[in-house]
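As they're listed, the protein sequences go chains A and B.
Under my numbering, residue 697 is the last one in the first sequence; the count climbs by one each step, no gaps.
Under my numbering, residue 697 is the last one in the second sequence; the count climbs by one each step, no gaps.
For glycine and all other residues, C-beta sits at the position ideal for the given N, C-alpha and C.
All figures in this text were calculated on a predicted structure; none of them were measured in a lab.
Number of protein chains: 2
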Amino acid sequence: MAGIKDVAARAGVSVATVSRVLNDHSGVREETRARVLRAVSELSYRPNTLARSLRTDQTRTLGLVISDVLNPFFTELARAVEDEARGRGYSVIIGNADEQLALQDHHVRTLLDRRIDGLLVSPAEGDSVALREAALAGIPMVFVDRWIEGLDVPVVRTDGTRAVRDLVTHLHRLGHRRLAIITGPVASTTSNERLAAFRAALAEVGLPLPDHYIGQGDFQTASGRRATSEFFSLPEPPDAVFATDNLMALGVMEQLRTLGLRVPDDVSLAAFDDIPWFLHTDPPITAIAQPTQELGHRAVAALTDLVEGRSAGSVTLSAHLIARRSCGEDERTRR
Amino acid sequence: MAGIKDVAARAGVSVATVSRVLNDHSGVREETRARVLRAVSELSYRPNTLARSLRTDQTRTLGLVISDVLNPFFTELARAVEDEARGRGYSVIIGNADEQLALQDHHVRTLLDRRIDGLLVSPAEGDSVALREAALAGIPMVFVDRWIEGLDVPVVRTDGTRAVRDLVTHLHRLGHRRLAIITGPVASTTSNERLAAFRAALAEVGLPLPDHYIGQGDFQTASGRRATSEFFSLPEPPDAVFATDNLMALGVMEQLRTLGLRVPDDVSLAAFDDIPWFLHTDPPITAIAQPTQELGHRAVAALTDLVEGRSAGSVTLSAHLIARRSCGEDERTRR
DNA sequence: ATGACCGATGTAATCGTTTCCAAGCGCGGC
DNA sequence: GCCGCGCTTGGAAACGATTACATCGGTCAT
């Protein structure tokens, strides 16, 4: 593979000059520049980014560690992040944590070893040594969707409080009185926020939230199944279930199907995060939608601010309820 | 950030020795090795992979260019690829081509600039200059799912011929006679294979495949909608539609919903690629399932063979039909 | 005529590793 | 007592770029 030296030789100049035209520094005679450019294309030379990064100490690469690639919310987020980053001249390297702390830290370290310029992360549950060290070491870093308490890192996220309240009101109005929730991991910030909002909203309408109506999940499909099966072995099962992410909602559907129960006749269902398929499920599923794309864009904006030496603050967007048939109301009778 | 020199100084040895223990070369006294290791952990030193790769000319990184991250089939594939690669000591960098040739080539070049050791790609439609050059330049490369004709590159893929035939037989047995297909991009190998299999199977049961029953899609949701709306402005619309990927099937569902048509009463639907949600749609959707994980694993195996100097051949797995209610048969009456 | 200055280019150090080669040392065989 | 050998270790040259600094004509003001 041709190197800068080959180009220099072919153009009859020094490597310094080649480098100058490549990085368009001023002060190269027009004719020389043309000669260099010609040599570059004749050899179809491409600079070695490893060498360049080693020397300049910047990679123009952002790391993105997401919780789970199989979750459509995160892939949409990843897509938005990549788009925005590319527009700003950065590449993105994605690491999939699969909701596992160890895997997350593995990726964080790998990314850091690659000397990425900044890190975007939606942290998994638990105490991440790698993330804490990185933050302390001053690696430009932004949390997206989820975050870790006590770290001085900007957070770009969606606040679902209002939407969860709307959901509870909605369910209450439809006559549901035994509302259950399936949470994410105990230490997950988003899950806790959603749980707190749910509990507060229930209190507002004068409903209790007994412990056995709190299913302990982990944002993965299987845990939705598990929680559902526990709910329905209760003497008095819930009449509505709120899954705090879309994969657990899938798990709920799967388990209800094996139990032979129907939505919304036997139980209502709602989910956090809206995905295209929710419109075509049987029945269409009520969901709380996040402005996912904007989340990604804003996160990249914040991170590049940090990387390029500007300061960056946290951003909070808001989610909204999309009511569909899964909560009992027939949308066809509504309008 | 601490470098190998700092470690050497702290351990009281030369950088050469540090490097030797880091790469565990033999011939370092046990006591020296221990001292070095201690220094490494005291400084929490991590080797700079850029420098290392520059010197050794290998990155232990694989590039994966997929057609569309928003397509669950590809994210599942990506996940499998990453798992397998990690197991073999490689990292994976993903590029999302979004079904666009230009974006694909952008990623291919970026990946090559990063000096990845090998490239796994599921090529988009069209003549990719970047891929052709890479193949010619001898970059270790493997195609997965889709491929490009005339390039000497191993292909790891699924053959759907048999499954498509099973599907056609299934539809025919259920009384359908006007079968339509929505294809991917014209030059797409997988789409062409599926179309050819569909046409052949129709011939076998003595059914025609008129041109107006061939919807021209591009593997994206919107094209599924478009093709469906064309089908239903025909004097005689099809009574069954086969979408050659899951996103286009989503588009079909969306369009049928706006047209007020019901599956399977008004028209049957089947899709290539099975996804978890197909079980919970209204009605559950008949699909042809690929062994996606195995596809990913085998692709990585083939690529690492190439990277590590062994030879690698193509692999063809096979898909199978999963019949659900969307084709008219009520699965509950079957068993 | 001289020196300051300017624009265009080249020389060489540097980034953090790996690895080839040489060197120091102790030891056994002659 | 010397030579050669094996075992450890160190010195220094790469890898391919960027960039501070030097150089070299030439112009212009004095």
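Identified DSSP bridge partners for residue i
i: Arg519/B; result: Thr678/B
i: Ser688/B; result: None; Ser688/B has no bridge partner.
i: Gly457/A; result: Val427/A
i: Ala651/A; result: His682/A
i: Ile510/A; result: DSSP, once it has assigned bridges, lists no residue as partnering Ile510/A.
i: Thr545/B; result: Gln578/B
i: Ala633/B; result: Ala605/B, Ala649/B
i: Thr643/A; result: Thr643/B
i: Phe505/B; result: Val483/B, Val517/B
Closer than 7 Å at the beta carbon, the chain A residues around residue i
i: Leu416/B; result: Leu412, Ala413, Leu416
i: Ile455/B; result: Ile455
i: Asn458/B; result: Arg441, Glu444
i: Val383/B; result: Those do not exist, as Val383/B stays about 18 Å from chain A at its closest Cβ, beyond 7 Å.
Under 8 Å between C-beta atoms of residue i and residue j
i: Val350/A; j: Val518/A; result: In the structure displayed, chain A extends from 363 to 697; residue 350/A sits before or after that span and is not available.
i: Leu482/A; j: Val506/A; result: yes
i: Ser595/B; j: Gly690/B; result: no
i: Leu609/B; j: Phe581/B; result: yes
i: Ala681/A; j: Gln652/A; result: yes
i: Thr531/A; j: Val567/A; result: yes
i: Gly613/B; j: Ala649/B; result: no
i: Val526/B; j: Phe560/B; result: yes
i: Leu665/B; j: Val402/B; result: no
i: Ile543/B; j: Gly488/B; result: no
i: Leu424/B; j: Ala440/B; result: no
i: Leu399/B; j: Val375/B; result: no
i: His493/A; j: Pro485/A; result: According to the sequence as given, residue 493/A is Leu; it is not His. Yes, Cβ-Cβ distance for Leu493/A and Pro485/A is below 8 Å.
i: Thr308/B; j: Thr643/A; result: As displayed, chain B neither begins before 363 nor continues past 697, which places residue 308/B out of reach and without an answer.
i: Thr551/A; j: Trp509/A; result: yes
i: Arg535/B; j: Pro626/B; result: no
i: Glu444/A; j: Leu432/B; result: no
i: Ile456/A; j: Ile428/A; result: yes
Cα-Cα separation, residue i to residue j
i: Trp639/B; j: Pro645/B; result: 11 Å
i: Arg697/B; j: Asn458/A; result: Low confidence applies here, because Arg697/B scores a pLDDT of 36, under 50, leaving its location unreliable and the question unanswered by this model.
i: Gly389/A; j: Gly480/B; result: 39 Å
i: Ile366/A; j: Arg422/A; result: 20 Å
i: His574/A; j: Phe593/A; result: 7 Å
i: Ala499/B; j: Thr411/A; result: 18 Å
i: Ser415/B; j: Pro547/A; result: 38 Å
i: Asp495/B; j: Ala549/B; result: At residue 495/B the sequence reads Glu, which differs from the Asp that was named. Roughly 19 Å between the two C-alpha positions.
i: Arg587/A; j: Ser490/B; result: 45 Å
i: Arg524/A; j: Ala633/A; result: 15 Å
i: Leu463/A; j: His538/A; result: 37 Å
i: Val669/A; j: Thr472/A; result: 19 Å
i: Ala611/B; j: Phe435/B; result: 13 Å
i: Asp628/A; j: Asp601/A; result: 7 Å
i: Leu405/A; j: Val377/A; result: 15 Å
i: Leu571/B; j: Asp635/B; result: 22 Å
i: Thr695/B; j: Ala565/B; result: For Thr695/B, the predicted structure reports a pLDDT of 43, less than 50, and the residue's modelled location is therefore unreliable. The matter cannot be settled from this model.
i: Glu693/B; j: Arg624/A; result: Bear in mind that a pLDDT of 46 at Glu693/B, under 50, signals an unreliable position, so the model cannot answer this.
i: Asn385/B; j: Pro409/B; result: 11 Å
i: Glu598/B; j: Leu541/B; result: 11 Å
i: Asp368/A; j: Ala364/B; result: 34 Å
i: Thr590/A; j: Leu621/A; result: 10 Å
i: Gly675/A; j: Ala442/A; result: 20 Å
i: Gln466/B; j: Arg450/A; result: 18 Å
i: Ala497/B; j: Ala396/A; result: 30 Å
i: Tyr407/A; j: Asp419/A; result: 22 Å
i: His659/A; j: Asp528/A; result: 27 Å
Proximal chain A residues relative to residue i, where beta-carbon distance stays under 9 Å
i: Glu446/B; result: Result: empty, since nearest Cβ-Cβ is about 13 Å, beyond 9 Å.
i: Leu536/B; result: Chain A residues near Leu536/B: none, gap ~20 Å exceeds 9 Å.
Cross-chain neighbours of residue i in chain B, by beta carbon under 8 Å
i: Asp475/A; result: Arg408, Pro409, Asn410, Thr411
i: Thr643/A; result: Trp639, His642, Thr643, Asp644
Under 7 Å from the C-beta of residue i: neighbouring residues of chain B
i: Val698/A; result: Here chain A has residues from 363 to 697 only, and residue 698/A is not among them.
Proximal residues of chain B, C-beta to C-beta of residue i below 9 Å
i: Thr472/A; result: Thr411, Ser453
Residues from the segment 612 to 630 of chain A in contact with chain B, defined by Cβ distance under 9 Å: Leu612, Met615, Glu616, Arg619
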